[in-house]
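What follows is a single structure, written as structure tokens, with notes after it.
Residue numbers (this note's numbering): 66 to 485.
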């Protein structure tokens with residue numbers, strides 16, 4: 066059989082896998098005909114049977130009994146990784162949970178290829194965790210061990226924005242100095258790199274890569290901003306209780322607005338505390354909805370509504386979300402203007418980080434000839450506008466936003482493992 070290698074883009078929101086064989090790249094259908102799969106997993110309550118991607122999301126939204134998890138990539142390198150969690154009453158380490166998801170990708174690729182795949186280039190953000198070299202090193206080592214556990218024997222890593230650059234390079238005319246902007250669910254990553262079709266077969270690209278930077282800001286943070294601004298007030302966010310008009314603790318709402326922390330809310334202690342606040346609340350109608358979320362374990366459903374609103378506001382000026390699952394007739398209206406105001410500070414941090422990457426490369430903003438936009442969050446008009454204004458002189462390449470990292474990783478696997 067021909068030698069084969071693959072690239073795995075295990076993303077915060079979506080994942081892909083592609084393989085390289087006989088000088089040909091194949092982007093694998095990982096869920097039906099879809100080449101991307103939401104990074105979500107659902108364990109059935111009866112026997113912990115796992116379901117992945119859209120299937121997992123639909124089972125959860127259909128109120129099937131079980132445990133739903135998403136945005137697991139954000140746990141890598143944190144203390145939560147070692148603590149594990151309860152899955153339908155049984156303790157389970159996150160390395161095993163993530164491993165099952167990655168193994169599903171590997172299985173789909175091997176089914177498509179008709180042979181085993183031992184060699185992989187795993188994508189990684191420039192920084193898993195900001196300003197924490199130890200946590201960053203731990204995150205990569207945890208991902209390496211997971212790759213080994215699922216059967217990969219030869220494992221390399223590549224920064225995700227560099228992989229995205231490789232995917233776009235075949236379409237570059239001449240030679241271009243490019244800035245790759247990769248804004249996914251969990252991080253924003255940047256690379257300044259020289260691109261040319263003439264460089265495609267170079268085995269060593271170190272001299273072409275001038276700088277890499279990144280910040281832990283992504284689509285999940287935009288979800289959180291929109292949730293706290295427009296949705297959480299309907300659950301009593303910033304409401305008060307008691308004779309002294311004390312604020313209901315904000316931690317409930319901040320955890321409820323973050324994909325990776327939602328499950329931590331569903332404890333008897335939290336339920337009891339919120340029930341006590343409800344008895345003294347100055348806005349019991351709204352605070353009762355927070356209690357409903359805890360009782361129904363419907364935090365992911367709420368976040369799903371937030372995400373749908375974010376996506377809708379990418380294309381429309383206003384959006385109305387139904388929260389009937391919390392209370393009959395409960396709706397949240399929001400607008401593109403409100404959303405863009407809520408994420409303005411985060412977008413500024415992202416553009417500052419991108420500017421720092423250009424400066425680190427030793428070039429000027431006006432020297433950048435091509436902007437490569439990749440990652441689902443670059444669909445947001447305010448994000449696109451920020452970069453088009455900052456680099457108004459540069460060309461923009463923004464095709465295959467969800468696939469490009471996986472494709473680039475597969476190209477890189479051919480270089481790293483010298484396979485034809």
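Beta carbons are placed, not taken as given, at the ideal position from N, Cα and C, and that holds for glycine. Predicted model, so just to flag it, every value in this text is computed and none were measured.
Taking a contact as a CB-CB distance under 8 Å, the pair residue 469 and residue 83 does not count as one, their CB atoms being some 10 Å apart. According to the DSSP assignment, residue 473 belongs to the alpha helix (DSSP H) that extends over 469-482. Shown here, residue 223 sits in a strand according to DSSP, grouped into three states. When 338, 312, 409 and 203 are compared, the shortest CA-CA separation from residue 347 is found for 312. Between residue 361 and the set 238, 377, 370 and 336, the nearest pair of CA atoms involves 336. For residue 448, the CB contacts under 8 Å within the same chain, skipping 5 residues up- and downstream, are 248, 412, 415 and 442 in chain order.
At the C-beta level, residue 290 and residue 324 stay beyond 9 Å of one another.
In this chain, the alpha helix (DSSP H) harbouring residue 203 covers 198-214. Of the residues 189, 328, 111 and 94, the one whose Cα lies closest to the Cα of residue 103 is 94. Judged by DSSP secondary structure, residue 184 falls within the beta strand (DSSP E) whose first and last residues are 184-189. When the Cα atoms are used, residue 195 and residue 217 turn out to be separated by approximately 28 Å. Contact annotation, residue 474 with residue 186: C-beta distance approximately 5 Å; criterion of less than 8 Å satisfied. By the Cβ rule, the segment 417-435 does not count as touching the segment 317-334, because fewer than three pairs are nearer than 8 Å. With respect to the 9 Å criterion, residue 141 and residue 423 are not classified as neighbours on the basis of their beta carbons. Residue 136 has its alpha-carbon roughly 16 Å from the corresponding atom of residue 144. Per DSSP, reduced to three states, the secondary structure at residue 437 is strand.
For residue 418, the enclosing alpha helix (DSSP H) begins and ends at 401-425. If you draw a straight line from the Cα of residue 223 to the Cα of residue 73, it comes to about 10 Å.
Around the beta carbon of residue 409, fewer than 16 other beta carbons sit within 10 angstroms, so the residue counts as exposed. Comparing alpha-carbon positions, the option among 369, 99 and 149 lying closest to residue 126 turns out to be 369. Secondary structure in the segment 76-126: the beta strand (DSSP E) runs of 3 residues or longer, each lying completely within the stretch, are 79-86, 89-92, 105-109 and 115-117 in chain order.
For residue 204, same chain residues with a beta-carbon under 6 Å away, outside a window of 5 residues either side, are 141, 142 and 193 in chain order.
Distance from the Cα of residue 275 is smallest, within the candidate group 264, 258 and 373, for 258. Judged by their CB atoms, residue 321 and residue 284 are not nearer to each other than the 9 Å cut-off. Residue 481 places its beta carbon 9 Å or farther from that of residue 240. With respect to the 9 Å criterion, residue 246 and residue 436 are classified as neighbours on the basis of their beta carbons. In the DSSP annotation of this structure, the continuous segment of the alpha helix (DSSP H) that includes residue 169 starts and ends at 159-178. 9 Å or more divides the Cβ of residue 421 from the Cβ of residue 256. Pairing residue 190 with residue 81, the inter-Cα distance amounts to about 15 Å.
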